[in-house]
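There are 2 protein chains.
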Amino acid sequence: MFIEWGPNRSSAQSLHQQIVDWIKQQITRGEWPVGTKLPSQRSLADSFGVNRSTIITAIDELIADGLLETKLGSGTFVSNNTWNVLVSSKQPDWKNYVRNGLHEPNLKTIQDINQFETDTAIIRLGTGELSPALLPTKQIEKTLRSTSFDAHSLGYSEPKGDKRLRQCISVYLETKGINASPSSLMVVSGGLQALQLISVGLLQKGSMILHESPSYLNSVHPFQSAGMHLVGLSKQGRESIPTQMKRINGRKKASLFYTVPTFNNPTNTTWSKEERLNLLSLCKKEQIPIIEDDVYSDLWFVKEPPPPLKSLDADGLVLHIGSMSKTLSPGLRIGWIAGPITVIERLADIKMQMDYGSSALSQHLVAEWLASGQYSKHLEWLRLELMERRDFTLTLLNQHFKGLAEWQIPQGGFYIWLKLCKPIVNPNLFKQAIKENILLNPGYIYEPNNHTHIRLSYSYASEEQLAYGIQTLSKIIRRLV
Amino acid sequence: MFIEWGPNRSSAQSLHQQIVDWIKQQITRGEWPVGTKLPSQRSLADSFGVNRSTIITAIDELIADGLLETKLGSGTFVSNNTWNVLVSSKQPDWKNYVRNGLHEPNLKTIQDINQFETDTAIIRLGTGELSPALLPTKQIEKTLRSTSFDAHSLGYSEPKGDKRLRQCISVYLETKGINASPSSLMVVSGGLQALQLISVGLLQKGSMILHESPSYLNSVHPFQSAGMHLVGLSKQGRESIPTQMKRINGRKKASLFYTVPTFNNPTNTTWSKEERLNLLSLCKKEQIPIIEDDVYSDLWFVKEPPPPLKSLDADGLVLHIGSMSKTLSPGLRIGWIAGPITVIERLADIKMQMDYGSSALSQHLVAEWLASGQYSKHLEWLRLELMERRDFTLTLLNQHFKGLAEWQIPQGGFYIWLKLCKPIVNPNLFKQAIKENILLNPGYIYEPNNHTHIRLSYSYASEEQLAYGIQTLSKIIRRLV
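Top to bottom, those sequences are chains R and L.
If you number the first sequence the way full-length UniProt numbering does, the last residue is 481 and the count never jumps.
If you number the second sequence the way full-length UniProt numbering does, the last residue is 481 and the count never jumps.
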């Protein structure tokens, strides 16, 4: 539970009384149903900005009133006793609803990360997102200042999304060697929604999804929640991925292969052109469609990466996912899928059932940025900035992690896949780091048994934060090794 | 299939050759996989803006090339023969993927409606959306002109959505008598996404959903697609809805009750305060949570409607859904859910897995409109405009539908639930209307066996279109009766 209220220090009422009243209100309004677990005393004291003793007094009073109860060793809960039963006796058993919903919850670590990310004091060493300093905020404001809308565009969107935006994306994809007409493109609210739509729109329960491991797909659940299972293939193994695919597909037919072939998340590896051609030729033979998650490829530093799989695909084998989240702004929530028109129309129909289309404001802004050339200008600047951050971070790693870890030099994207010399990447390390105000993306969220890697990102934290954070992290690790 | 390409009339190449080349390209690129059904010759001719004979020549050539084939009585398809097999022999069987995906497709009629709505020549007599003329386009542009962003707000959103927006919604809900703290609120991309999240976040497969019939829920599939089944209760029946609920719930436990209690979609009925209190008391006793879909209640004409269910609920029984789509602009894709905090946190966690939050631009704009009072000023104007449209439409009905149909006088919202004197509301009527360029929302999409009702809307079509459309519709109906 995350609390966004605090007592009023200039009120005549005592702090503890304000807290008592507020908690009572949460319970009587039904916002905290019976069985709700309260945050720890320490965390309540932090949220409210009061001493722990004030919290203890307030909670004791509420226990005396019968509104709360403590269960030894497991914390304080909204109680189920008479007084409470009087106010909310017949409340539905929400706890049961929450527990039994179809969709899997996020991994606990991911939930924690999502929540800690809202804390501005924390240093985010793994965040896969551009730093606020790298977002073209002023230029976006400028575009909005000169925006004029056709009123029709503020209505419900057509199923595949705004036509002008799709035309702009089609032209943009041509620069990457991809021929996709506007009709074979659809707009989505970011790459994750693309995966969600593919999952419920094209696959059956029990489908087998192949993917490279470690994988972004282990940190999100679009396929798992719909009852599909994931089989990880290793690019580092003795066998090539096509060989592994062929062997597995011989036993049970795979429904698709998911890959981030350029500046991978989390490993930052990139498939060579030859590897891409081999993959396509094998997938064609085995009739395995490919999802190409291509959200980082605009972020190369010195040399353009090999062409996207989709540009090498003459067979309608590849569903290509792109996005503005990693390059322009995640807050826009704009991405796209290119693929065979029958597939796109099916996915667009489902999108109409999910959210009736993406934000017209966001679609309009992205179309403007693509059409005016502002997007490519922004990319030129962004690449240099990211490269500087990469270099700065590599210098820090050389200073503080020599002998402690190994890493590759990124040629683009956001990430350094840091391999520690000892398998100490576990929830304890995560917690130790949080204590020092450092938020990590540990390897085990991308590969369940991985206790050696950390996904570092040079895209988010400021230089100052990187300097302090990486040094502090090295100290924590030295302590644990 | 919906085609957005046309031949270039100033090209040296003949029209039919351009069409042949373009269709070839669609096939060889894999955009039209094997088995794809082509639109009819007439519709291709329309799309391309050429004579039907040009289409026939082009298709004949492609058939001769072996790329297309005709199946007697069912149309022209991308063929599966040798030449084609050479270019795309081992394409995945996309048709099979599309057919077997988990999520149900939209009803055919709804798909048609979604598609016809993109045709600007058509008169939309049933569209549940504000007319472009009623959207405050200029004022939205004005707000954007003075917008300045905190760069952080352009990053990924926190799970429940932008904090300032949630604070503004909390204050706005207070004016409706609803106490919901910002922590017990989450932002969604429109009301439909709220239903989607509730469906996969809180319910088990096989759950029973009670709802009023006819119902908006029959025209969208958030629950059906996740394997729940719907049981319709009738407000017009001899038994009251609470009595029906009690009886049904005695046999099998209902998971929730869905209602649009104010200016219902499609019937435009409104529950009285007494009916609301009775419903709450029964649902409390039977422990059935309520989803209150409250997206029309700001649109009253003369008298404010009874208070929302949520404002009368001291037990955390109600999940309250609101939205800006029906009042400010559907293109913003901004709505919200208010409910017990544990439920909201579960739903917010799932939203993070679906699309990582709603558009920052849209969230920012709505916060501005709520905070500045512009939203309520806009509502004052909008109510008068809608009332004028209602009156205009009622005059037309009196002119053209006396003796043909019955209707109620709407006190707010968008809809007139027109009851024809004969059960002729069927796919044929829909088709006859389309022939005259009129798009209808027939009763059977809200209630499968309903062949007497049409959902008319006075919110979308212009006065001119309403005048022509309603007169023409009456002629079509007279012809069929």
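Quick reminder that beta carbons are idealized off the backbone N, C-alpha and C, glycines included.
Contact with chain R by residue i, beta-carbon distance below 7 Å
i: Ala371/L; result: no
i: Met354/L; result: yes
i: Asp349/L; result: yes
i: Ser376/L; result: no
i: Trp381/L; result: no
i: His221/L; result: yes
i: Ser74/L; result: no
i: Tyr446/L; result: no
i: Asn179/L; result: yes
i: Leu418/L; result: no
i: Trp32/L; result: yes
i: Thr175/L; result: no
i: Leu361/L; result: yes
i: Tyr296/L; result: no
i: Glu275/L; result: no
i: Gln18/L; result: no
i: Pro266/L; result: no
Identity of the residue in the options nearest residue i by Cα
i: Phe223/R; options: Pro266/R, Ser376/R and Leu192/R; result: Leu192/R
i: Pro159/L; options: Thr118/R, Gly155/R and Arg145/R; result: Thr118/R
i: Pro307/R; options: Leu134/R, Ile178/R, Ile248/R and Gln363/R; result: Ile178/R
i: Met354/R; options: Leu130/L, Gly190/L and Trp94/L; result: Gly190/L
i: Tyr258/R; options: Ser183/R, Ile291/R and Phe414/R; result: Ile291/R
i: Pro105/R; options: Ile344/L, Lys422/L, Tyr415/L and Thr269/L; result: Ile344/L
i: residue 510/L; options: Trp271/L, Ala348/L and Leu429/L; result: Past the edges of chain L, shown from 1 to 481, lies residue 510/L, and the structure says nothing about it.
i: Thr175/L; options: Leu365/L, Arg346/L, Glu380/L and Ser311/L; result: Ser311/L
i: Val366/L; options: Lys402/L, Leu384/L, Ser329/L and Ala338/L; result: Ser329/L
i: Asp391/R; options: Leu62/R, Tyr458/R, Leu370/R and Pro448/R; result: Tyr458/R
i: Glu385/L; options: Leu370/L, Trp369/L and Phe414/L; result: Phe414/L
Minimum Cβ-Cβ distance from residue i to chain L less than 7 Å
i: Thr452/R; result: no
i: Val85/R; result: Residue placement at Val85/R is poorly supported in this model, since its pLDDT is 42, which falls under 50; the coordinates are not used for a value here.
i: His103/R; result: yes
i: Ser11/R; result: no
i: Thr262/R; result: no
i: Arg124/R; result: no
i: Thr147/R; result: yes
i: Glu464/R; result: no
i: Lys142/R; result: no
i: Glu212/R; result: no
i: Gln204/R; result: yes
i: residue 499/R; result: Nothing can be reported for residue 499/R, as the shown portion of chain R is limited to 1 through 481.
Proximal residues of chain R, C-beta to C-beta of residue i below 8 Å
i: Asp93/L; result: Gln287
i: Ser107/L; result: The displayed chain sequence assigns Leu, not Ser, to residue 107/L. By Cβ distance, chain R contributes nothing, its closest Cβ being about 10 Å from Leu107/L, past 8 Å.
i: Ile3/L; result: Ser183
i: Thr259/L; result: In chain order: nothing, as chain R lies at least about 15 Å away.
Contact set between residue i and chain L, taken where Cβ atoms lie within less than 8 Å
i: Ala151/R; result: Pro132, Ala133, Leu135 and Thr137
i: Glu154/R; result: The amino acid at residue 154/R is misidentified as Glu; the sequence shows Leu. Neighbours of Leu154/R on chain L, chain order: Pro132, Leu135, Thr137, Ile140, Ser329, Pro330, Gly331 and Leu332.
i: Gln111/R; result: Asp349
Partners in chain R for residue i, counting only beta-carbon separations shorter than 7 Å
i: Ile385/L; result: The sequence shown places Glu at residue 385/L, not Ile. Chain R residues near Glu385/L: none, gap ~14 Å exceeds 7 Å.
i: Ala226/L; result: Leu102
i: Leu365/L; result: Leu361
Contacts of residue i in chain L (Cβ-Cβ under 7 Å)
i: Glu368/R; result: The premise fails here: Glu368/R is roughly 12 Å from chain L at the closest Cβ pair, so nothing lies under 7 Å.
i: Ala461/R; result: Neighbours of Ala461/R on chain L: none; closest Cβ ~13 Å, over 7 Å.
i: Asn114/R; result: Pro159 and Met352
Residues that residue i contacts on chain L, provided the C-beta gap is smaller than 9 Å
i: Thr118/R; result: Glu158, Pro159 and Lys163
i: Val343/R; result: Pro33, Trp94, Tyr97 and Val98
Neighbouring residues, chain R, relative to residue i (Cβ below 9 Å)
i: Met208/L; result: Residues of chain R passing the Cβ test: none, with the nearest at roughly 14 Å.
Neighbouring residues, chain A, relative to residue i (Cβ below 8 Å)
i: Ser79/L; result: No chain A appears in this structure, whose protein chains are R and L.
*Along the stretch 306-318 of chain R, what residues have a CB closer than 9 Å to any CB found in chain L?*
Asp313, Ala314, Asp315, Gly316, Leu317 and Val318
*asked:* Beta carbons nearer than 7 Å to chain L: which residues of the stretch 184-202 of chain R have them?
replied: Ser184, Ser189, Gly190, Leu192, Gln193, Gln196, Val200, Gly201 and Leu202
_Residues within the stretch 229-250 of chain L neighbouring chain R, beta-carbon criterion of under 8 Å_ = none
*May I ask you to list, following chain order, the residues of the stretch 321-333 of chain R that have a beta carbon less than 7 Å from some beta carbon of chain L?*
Ser329, Pro330, Gly331, Leu332 and Arg333
*Could you name the residues of the stretch 40-70 of chain R whose beta carbon sits closer than 9 Å to any beta carbon of chain L, in the order they occur along the chain?*
none
*At which residue ranges does the UniProt domain "HTH gntR-type" (13-81) of chain R contain complete alpha helix (DSSP H) runs of 4 or more residues, listed in the order of the chain?*
15-28, 41-48 and 52-64
*For the stretch 158-206 of chain L, list the beta strand (DSSP E) runs that are entirely contained and at least 3 residues long, ordered along the chain.*
185-188
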